[in-house]
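Structure first, commentary second.
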Amino acid sequence: MSYSITEEDEKIAREQTQKKLRAVVSRELLPNGSYAPVPGIFDIAWKGLSELPAYDFLKSLRELDNDIIKSREQWALRCAPMLERGEFTFEQMKAFEIHAFKFTDLYPITIARNVFDNLKNREVRDLILRHSAEEMGHSELQADFMVDGLGMNRLEVWDAVQLGNSSGRAGFFGGDSSEVTELRKDFPELSYAIVPFIERVVPRSMRMIGNALRKQYGFKDSMLGFFDLHSYIDIYHERFGAYILSKYATDKRAQELFITALEERRKNEAESHMNAYYELKAK
Ligand SMILES: [Fe+2]
Numbered sequence: 009m010s011y012s013i014t015e016e017d018e019k020i021a022r023e024q025t026q027k028k029l030r031a032v033v034s035r036e037l038l039p040n041g042s043y044a045p046v047p048g049i050f051d052i053a054w055k056g057l058s059e060l061p062a063y064d065f066l067k068s069l070r071e072l073d074n075d076i077i078k079s080r081e082q083w084a085l086r087c088a089p090m091l092e093r094g095e096f097t098f099e100q101m102k103a104f105e106i107h108a109f110k111f112t113d114l115y116p117i118t119i120a121r122n123v124f125d126n127l128k129n130r131e132v133r134d135l136i137l138r139h140s141a142e143e144m145g146h147s148e149l150q151a152d153f154m155v156d157g158l159g160m161n162r163l164e165v166w167d168a169v170q171l172g173n174s175s176g177r178a179g180f181f182g183g184d185s186s187e188v189t190e191l192r193k194d195f196p197e198l199s200y201a202i203v204p205f206i207e208r209v210v211p212r213s214m215r216m217i218g219n220a221l222r223k224q225y226g227f228k229d230s231m232l233g234f235f236d237l238h239s240y241i242d243i244y245h246e247r248f249g250a251y252i253l254s255k256y257a258t259d260k261r262a263q264e265l266f267i268t269a270l271e272e273r274r275k276n277e278a279e280s281h282m283n284a285y286y287e288l289k290a291k
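Be aware that the sequence shown starts at 9, since it is given in my numbering, and climbs by one per residue.
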C-alpha cells in the first residue's frame, strides 16, 4: 500500500469535499480551504451592498472621493499621466518604483495590524485576514518588474532607500491621524475600512501605467504582472471597505471621522507621489 497522494486523490478530495461543504456553508470555498468572508463579494458586478443600512453614506463617500481624486489627479493616479507622456527617464522610473515599492512591501502588515482591534467582529476579522493574505507577494511582483524590466538586482530592490524623508515604518502614507486613532478606539471596523476603500483608485491608475509602460517604453507583458494584476484585484478590495462602510457606518460621528480621515489619507498619498516626483525630476 502506498501512502503517496496521487493526482486522482487531489481531484476527488477537492471536488467532493468542496461540494459537501458548499451544501452546509454557503460561502465561496477556495482550493486552500479558506472562505470568502462575505458571500458573493468576488462576483463580477456584485450588488450586495444596496440593502445595507449605510449604503447612501457609501454612495456619498464615493462621490466625495471622486472629487478629491479629480482635484489632484496626476498625484492620485501615481504619476500615471507622466508615464503616458513618456516623461520619466529610465533612472527616474527606477527611483519612483523604489519609492512605491516600500509601501507595497509593507501593505499586508498595514492591513493585518487592524485585526487586533477587530477580534470580536468575526466577519471584519476575516475580511482583514483575507485581504492581508491577498496582498502577499505583490511586492515581489513589483520587484520582478524592477529586476526584469529595470535591470535592478533583487537585493538592491529590497534594501533600496526611499526618496525624501518617507519612512516606510510610519505606515501606509503616514501614521495614524487623530481621527484614525479615534476610529480605532470607537469604530474599529472603520479604521480598517479606510485601507481598502482608498484602493478604489488603483485599478484605473495601474491600467494606465501598464498601458503607458507598453506604449511609451516598450515593456513586454511578461514584465508587467504587477500592474496588470492591479487592474482588477482592487475592484474587490474596494468592496471590502465598501461592505464594511455600508454595514457599520451608521453613526454620525463615525461618518464625520471617516470623512476627515479619508481626506487626510488622500492628501498624504498625493503628497508622497508629488514629493517623490519633484525630487526625482531635480536629480
Ligand atoms: Fe489591494
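In this text, a Cβ means the ideal position worked out from N, Cα and C, and glycines have one as well.
Just checking residue i against ligand 1 - is the residue's beta carbon closer than 6 Å to any of the ligand's heavy atoms?
{"i": "D242", "result": "yes"}
{"i": "E277", "result": "no"}
{"i": "H107", "result": "no"}
{"i": "E207", "result": "yes"}
{"i": "H245", "result": "yes"}
Please state whether DSSP places residue i in a helix, a strand or coil.
{"i": "L57", "result": "coil"}
{"i": "Y3", "result": "Absent from the model: residue 3. The displayed extent of the chain is 9 to 291, so no value can be given."}
{"i": "L232", "result": "coil"}
{"i": "L85", "result": "coil"}
{"i": "L66", "result": "helix"}
{"i": "L127", "result": "coil"}
{"i": "L38", "result": "coil"}
{"i": "A257", "result": "coil"}
{"i": "D51", "result": "coil"}
{"i": "M9", "result": "coil"}
{"i": "Y251", "result": "helix"}
{"i": "S239", "result": "coil"}
{"i": "Q170", "result": "coil"}
{"i": "T14", "result": "coil"}
{"i": "E95", "result": "coil"}
{"i": "M90", "result": "helix"}
{"i": "D185", "result": "Per the sequence shown, the amino acid found at residue 185 is Ser instead of Asp. Correct three-state label for S185: coil."}
{"i": "N161", "result": "coil"}
{"i": "K223", "result": "helix"}
{"i": "V209", "result": "helix"}
Where residue i and residue j are concerned, what is the direct C-alpha to C-alpha distance, given to the nearest angstrom?
{"i": "G218", "j": "L191", "result": "35 Å"}
{"i": "W166", "j": "R70", "result": "35 Å"}
{"i": "N283", "j": "K289", "result": "10 Å"}
{"i": "V203", "j": "R138", "result": "13 Å"}
{"i": "L232", "j": "G226", "result": "11 Å"}
{"i": "I206", "j": "A103", "result": "24 Å"}
{"i": "A44", "j": "N74", "result": "28 Å"}
{"i": "E164", "j": "L158", "result": "12 Å"}
{"i": "G176", "j": "T112", "result": "A caution first: G176 carries a pLDDT of 44, below 50, which makes its placement in the model unreliable, though a value can still be read off. Distance between the alpha carbons of G176 and T112 is about 10 Å."}
{"i": "L7", "j": "G145", "result": "No information on residue 7 is available, as it lies outside the stretch 9 to 291 that the chain covers here."}
{"i": "D194", "j": "L72", "result": "23 Å"}
{"i": "R86", "j": "R215", "result": "11 Å"}
{"i": "S254", "j": "H245", "result": "14 Å"}
{"i": "E18", "j": "V132", "result": "31 Å"}
{"i": "I243", "j": "L135", "result": "15 Å"}
{"i": "V155", "j": "S140", "result": "24 Å"}
{"i": "G249", "j": "Y286", "result": "32 Å"}
{"i": "D229", "j": "F235", "result": "10 Å"}
Looking at the C-beta of residue i, does it have a partner C-beta in chain B at a distance below 7 Å?
{"i": "K128", "result": "Judged by its chain identifiers, the structure shown contains no chain B, having just a single protein chain."}
| Stretch pair the segment 229-246 + the segment 208-218: three plus CB contacts closer than 8 Å | yes
| task | Check whether the segment 120-135 touches the segment 81-101, counting contact only when three or more Cβ pairs, one atom from each stretch, lie closer than 8 Å. | result | no
| query | Does the segment 156-171 come close enough to the segment 254-264 to have 3 or more Cβ pairs within less than 8 Å? | reply | no
| query | Is there contact here, the segment 105-114 with the segment 143-150, by at least three beta-carbon pairs under 8 Å? | reply | In short, these stretches touch, since the Cβ pair count reaches three.
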